[in-house]
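Top to bottom, those sequences are chains Z and F. Under this note's numbering, the first residue of the first sequence carries the number 1, and numbering increases by one thereafter. Under this note's numbering, the first residue of the second sequence carries the number 1, and numbering increases by one thereafter. Scroll down for the structure; my scribbles are underneath it.
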Amino acid sequence: MSDKAPNENVIEVEDLRVDFPTEHGLVHAVAGVSFSVKRGRVLAIVGESGSGKSVTAFSILRLIQPPGYIAGGSIKLFSQKEPPIDITSLKEDDDLLYHLRGGLVSMIFQEPMTALCPVYTVGNQICEAIHLHKDVTKKEAERIAVDMLDRVGIPKPEIRLRQYPHEFSGGMRQRVVVAMALVCMPEVLIADEPTTALDVTIQAQVLTLIKDLRKELGGSVIFITHDIGVVAQIADDVIVMNQGKILESGSVRQVLKSPVHPYTRGLLAAIPSLSQRGSRLPTIDSIPGARDIDLTVPLHTLSDGRRVALPTEKIPATTT
Amino acid sequence: MTASDTKPLLRVQNLCKFFPVHAKGIRRKVIDEVRAVDHVTFDIQPGETLGLVGESGSGKTTCARTILRALSPTAGRVHFQSEDGEVELSSLSEHALKPLRQQMQMIFQDPFSSLNPRMTVGGIVEEPLLIHGIGTPAERREKAADILRKVDLLPEHRERYPHAFSGGQRQRIGIARALILRPRFIVCDEAVSALDVSVQAQVINLLMDLQEEFHLTYLFVAHDLGVVRHICDRIAVMRNGKLVEMKKTEELFSNPEHPYTQRLLSAIPNPDPDIPLRPILEASEEEELAEAKL
Ligand SMILES: Nc1ncnc2c1ncn2[C@@H]1O[C@H](COP(=O)(O)OP(=O)(O)OP(=O)(O)O)[C@@H](O)[C@H]1O
Ligand SMILES: Nc1ncnc2c1ncn2[C@@H]1O[C@H](COP(=O)(O)OP(=O)(O)OP(=O)(O)O)[C@@H](O)[C@H]1O
Ligand SMILES: [Mg+2]
Ligand SMILES: [Mg+2]
Numbered sequence: 001m002s003d004k005a006p007n008e009n010v011i012e013v014e015d016l017r018v019d020f021p022t023e024h025g026l027v028h029a030v031a032g033v034s035f036s037v038k039r040g041r042v043l044a045i046v047g048e049s050g051s052g053k054s055v056t057a058f059s060i061l062r063l064i065q066p067p068g069y070i071a072g073g074s075i076k077l078f079s080q081k082e083p084p085i086d087i088t089s090l091k092e093d094d095d096l097l098y099h100l101r102g103g104l105v106s107m108i109f110q111e112p113m114t115a116l117c118p119v120y121t122v123g124n125q126i127c128e129a130i131h132l133h134k135d136v137t138k139k140e141a142e143r144i145a146v147d148m149l150d151r152v153g154i155p156k157p158e159i160r161l162r163q164y165p166h167e168f169s170g171g172m173r174q175r176v177v178v179a180m181a182l183v184c185m186p187e188v189l190i191a192d193e194p195t196t197a198l199d200v201t202i203q204a205q206v207l208t209l210i211k212d213l214r215k216e217l218g219g220s221v222i223f224i225t226h227d228i229g230v231v232a233q234i235a236d237d238v239i240v241m242n243q244g245k246i247l248e249s250g251s252v253r254q255v256l257k258s259p260v261h262p263y264t265r266g267l268l269a270a271i272p273s274l275s276q277r278g279s280r281l282p283t284i285d286s287i288p289g290a291r292d293i294d295l296t297v298p299l300h301t302l303s304d305g306r307r308v309a310l311p312t313e314k315i316p317a318t319t320t
Numbered sequence: 001m002t003a004s005d006t007k008p009l010l011r012v013q014n015l016c017k018f019f020p021v022h023a024k025g026i027r028r029k030v031i032d033e034v035r036a037v038d039h040v041t042f043d044i045q046p047g048e049t050l051g052l053v054g055e056s057g058s059g060k061t062t063c064a065r066t067i068l069r070a071l072s073p074t075a076g077r078v079h080f081q082s083e084d085g086e087v088e089l090s091s092l093s094e095h096a097l098k099p100l101r102q103q104m105q106m107i108f109q110d111p112f113s114s115l116n117p118r119m120t121v122g123g124i125v126e127e128p129l130l131i132h133g134i135g136t137p138a139e140r141r142e143k144a145a146d147i148l149r150k151v152d153l154l155p156e157h158r159e160r161y162p163h164a165f166s167g168g169q170r171q172r173i174g175i176a177r178a179l180i181l182r183p184r185f186i187v188c189d190e191a192v193s194a195l196d197v198s199v200q201a202q203v204i205n206l207l208m209d210l211q212e213e214f215h216l217t218y219l220f221v222a223h224d225l226g227v228v229r230h231i232c233d234r235i236a237v238m239r240n241g242k243l244v245e246m247k248k249t250e251e252l253f254s255n256p257e258h259p260y261t262q263r264l265l266s267a268i269p270n271p272d273p274d275i276p277l278r279p280i281l282e283a284s285e286e287e288e289l290a291e292a293k294l
């Protein structure tokens with residue numbers, strides 16, 4: 001297609017709002033979030049449990065479970081193969097939505113078992129994913145599947161291909177899910193805590209794989225995790241969320257090395273580290289100001305490009 | 001100090017757990033075995049936290065479960081300093097074990113499947129008291145409310161069902177349930193792995209506070225080496241069912257000797273973006289050799 005994407009962003013989210021009606025009233029799971037994902041870069045979303053990370057990710061694929069719904073805002077996808085897609089306005093039966101979910105954007109879910117079907121072999125499932133997006137022979141699909149399983153660190157992939165998900169350990173299942181998401185060669189990969197259940201050696205392998213493939217394919221990644229070590233290693237940009245809002249965003253160095261928002265500082269202080277061995281860990285609540293979050297304060301863009309939700313007088317002069 | 005004070009709380013000697021591998025077909029002949037735990041030996045001192053680390057499938061969970069007799073060992077001995085003196089767990093009958101189970105608890109890996117979905121949180125947390133016939137209903141409720149407060153859940157959470165909680169909250173419910181019997185020995189199997197850093201820090205602090213308050217002893221199974229390094233006094237590294245290295249925490253991190261330990265430590269992502277991850281991804285020849293010798 002000749003009309004190339006108009007900008008360097010592959011995804012632009014504007015004032016996204018997602019509500020869930022509950023017996024206690026409306027829950028604003030995502031309460032006005034704006035960010036963009038740059039082409040070829042990895043954006044990490046961090047934040048406590050319940051801060052709206054998964055719901056934000058689900059919105060991009062339009063996978064919010066009813067009674068939840070997108071209550072406002074827009075999400076646009078600028079694919080290299082398609083004209084821009086306005087995701088929020090797509091009808092539920094629009095062909096583009098299928099295309100979006102299966103090919104342009106793929107997602108690794110937080111709970112791997114939901115992504116695998118117990119009655120088909122692992123090989124069947126990976127090959128099916130390949131056939132959906134690529135016009136290849138059965139043999140070729142199997143070769144790709146074996147290669148991908150090998151790359152996510154599954155030993156003896158030719159044999160493992162013929163087994164069922166229940167014959168895999170938890171960590172191995174998660175690697176299969178990663179493999180399945182990657183064979184589709186998506187333009188955007190959304191990974192929701194893909195390595196939480198993995199041990200470090202496998203995690204390092206999966207992180208390296210995601211990095212390599214991104215270089216190879218030039219795709220973008222949205223990486224949701226609570227492991228700051230993982231963020232530091234894989235992300236280019238970081239968003240810090242709390243209660244459905246963005247509190248701070250910027251490059252990985254800006255956010256991790258010189259955070260501005262007290263909440264971000266609290267989040268970083270809570271990581272166990274060498275210097276504090278055996279002592280009580282600081283929790284977010286123990287960092288002064290970290291919990292004084294005024295959700296009505298809009299994000300300010302600072303001169304170095306990062307954004308932070310603090311009133312101007314509270315932003316340290318050195319960073320403005 | 002009496003002699004029994006200095007004795008290890010737990011002495012594990014040559015513990016083995018093999019699982020049979022069956023052939024396909026009706027007769028399901030045993031054709032092989034998985035040596036999930038293969039001659040494991042270690043001690044844990046009272047009040048100590050021993051970390052058990054190793055890759056997925058190395059046998060950590062099986063080892064922990066075999067120690068607690070949730071699985072019966074294939075071979076080996078487990079000596080436990082109970083409140084009434086030393087007992088050898090591996091040979092006890094189920095009946096003899098029951099009173100001891102109060103003193104040894106496990107906090108599980110999977111917060112999604114380890115809680116009964118049809119019971120309220122209050123019911124789940126009180127249940128161990130009920131099983132062991134402790135207290136009146138009012139006392140049990142009081143104790144449950146107490147322990148839920150300790151793990152930072154609200155009293156009104158008592159009436160809710162597990163599905164209404166986030167992963168982190170469910171994990172804290174599991175911890176409350178394990179703690180309500182005031183055990184002396186607790187196995188934490190990936191107890192904080194599913195928690196975000198803020199809750200993780202709270203739970204780690206909680207586990208350390210409780211350790212001090214009640215002189216608890218922990219076997220801490222985990223794959224997050226940052227957490228293990230923070231709370232463990234010593235660390236045992238497991239690979240293919242065997243312990244390959246066991247040392248004081250600082251020593252292990254500053255001087256890992258076994259190639260597998262070195263590989264494990266090299267894979268920890270540093271929270272500083274300027275310190276790149278340089279994992280040793282492949283087992284070295286040296287490591288293969290070390291393995292063959294075991
Ligand atoms: N089906 C639902 N019904 C009601 N509320 C929901 C539903 N799904 C999510 N929520 C609410 O939306 C908020 C955001 O949830 P979300 O799953 O996005 O959190 P998260 O940041 O991904 O947390 P975690 O780190 O635990 O995965 C939470 O407060 C949650 O209670
Ligand atoms: N009930 C069982 N029947 C047969 N094999 C089993 C059984 N339970 C565990 N195993 C095998 O024993 C080995 C050790 O498993 P275990 O669950 O102890 O590993 P782990 O170190 O806890 O791994 P993870 O970090 O993934 O939890 C694995 O090869 C597993 O497949
Ligand atoms: Mg989530
Ligand atoms: Mg385990």
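Glycine is no exception: its CB is placed at the ideal position from the N, C-alpha and C atoms.
Below 8 Å on the Cβ atoms is my guess for residue i versus residue j; work out the distance and round it to an integer in Å.
i                      : j                      : result
residue 42 of chain Z  : residue 223 of chain Z : 6 Å
residue 103 of chain F : residue 178 of chain F : Between residue 178 of chain F and residue 103 of chain F the Cβ distance is about 12 Å, and since that is not below 8 Å, they are no contact.
residue 197 of chain F : residue 267 of chain Z : 6 Å
residue 256 of chain Z : residue 238 of chain Z : 7 Å
residue 221 of chain F : residue 36 of chain F  : That pair is no contact at about 14 Å.
residue 305 of chain Z : residue 250 of chain Z : 7 Å
residue 279 of chain F : residue 267 of chain F : 4 Å
residue 190 of chain Z : residue 87 of chain Z  : So it is not a contact: roughly 13 Å between Cβ atoms.
residue 174 of chain F : residue 216 of chain F : Wrong, their Cβ atoms sit about 16 Å apart, outside the cutoff.
residue 224 of chain F : residue 232 of chain Z : In fact, because the Cβ distance is near 15 Å, the residues do not count as touching under 8 Å.
Where does residue i land, buried or exposed, given buried means 16+ other C-beta within 10 angstroms?
i                      : result
residue 6 of chain F   : exposed
residue 301 of chain Z : exposed
residue 65 of chain Z  : exposed
residue 92 of chain Z  : exposed
residue 230 of chain F : buried
residue 18 of chain Z  : buried
residue 68 of chain F  : buried
residue 190 of chain F : buried
residue 334 of chain Z : Missing from the structure shown is residue 334 of chain Z; chain Z here goes from 1 to 320 and no further.
residue 119 of chain Z : exposed
residue 80 of chain Z  : exposed
residue 3 of chain Z   : Model confidence at residue 3 of chain Z stands at a pLDDT of 47, short of 50, so the residue's coordinates are unreliable; what they give is reported in the following sentence. Exposed is the call here.
residue 299 of chain Z : buried
residue 212 of chain F : exposed
residue 163 of chain F : exposed
residue 275 of chain F : exposed
residue 137 of chain F : exposed
residue 260 of chain Z : buried
residue 99 of chain F  : exposed
residue 193 of chain Z : buried
residue 306 of chain F : No answer is possible for residue 306 of chain F: it lies beyond the span of chain F, which begins at 1 and ends at 294.
residue 265 of chain Z : buried
For this session: Select from the stretch 174-200 of chain F all residues with a C-beta closer than 8 Å to any C-beta belonging to chain Z, and list them in chain order.
Result: Hits within the stretch, in order: 193, 194, 195, 196, 197, 198, 199, 200.
For this session: Note down, in chain order, all residues in the stretch 154-176 of chain Z with a beta-carbon under 8 Å from any beta-carbon belonging to chain F.
Result: 169, 170, 171, 172
Exercise. The stretch 36-54 of chain Z: which residues have C-beta closer than 8 Å to a C-beta of chain F, in chain order?
Worked result: Going along the stretch 36-54 of chain Z in chain order, one finds 47, 48, 49, 50 with a Cβ nearer than 8 Å to chain F.
Problem set entry | Chain-ordered residues of the stretch 44-72 of chain F with a beta carbon less than 9 Å from chain Z | Answer set for the stretch 44-72 of chain F: 53, 54, 55, 56, 57, 58.
Exercise. Taking a cut of 7 Å between CB atoms, which residues from the stretch 239-273 of chain F lie near chain Z?
Worked result: 263, 264, 267, 268, 269, 270, 271, 272, 273
Exercise. Quick one, which residues of the stretch 262-285 of chain Z are near chain F if we go by CB-CB under 9 Å, in chain order?
Worked result: 266, 267, 268, 269, 270, 271, 272, 273, 274, 276, 277, 278, 279, 280, 281, 282, 283, 284, 285
Exercise. What residues from the stretch 203-225 of chain F come within 9 Å of chain Z, judged by C-beta to C-beta, listed N to C?
Worked result: 204, 205, 208, 209, 223, 224, 225
For this session: Count the C-beta pairs between the stretch 84-95 of chain F and the stretch 234-252 of chain F that are closer than 8 Å, then say yes if the count reaches three, no if not.
Result: no
Exercise. Using 8 Å as the Cβ pair cut-off and three pairs as the minimum, do the stretch 224-235 of chain Z and the stretch 43-51 of chain Z touch?
Worked result: yes
Exercise. What are the residues of the stretch 190-218 of chain Z that lie near chain A, defined by any Cβ-Cβ distance shorter than 8 Å?
Worked result: No chain A appears in the structure shown, which is made up of the protein chains Z and F.
Exercise. Going along the stretch 146-162 of chain F in order, which residues come within less than 7 Å of chain Z, judged by CB to CB distance?
Worked result: Result list empty, no residue passes.
Problem set entry | the stretch 81-102 of chain F: positions lying closer than 9 Å to chain Z by Cβ | none
For this session: For the stretch 17-34 of chain F and the stretch 78-87 of chain F, state whether three or more C-beta atom pairs, one from each stretch, are separated by less than 8 Å.
Result: no
For this session: State whether the stretch 20-27 of chain Z contacts the stretch 201-208 of chain Z, with contact taken as three or more CB pairs (one from each stretch) at a distance under 8 Å.
Result: no
For this session: Taking 8 Å as the threshold, find out whether the stretch 48-62 of chain F comes into contact with the stretch 309-316 of chain Z through three or more Cβ pairs.
Result: no
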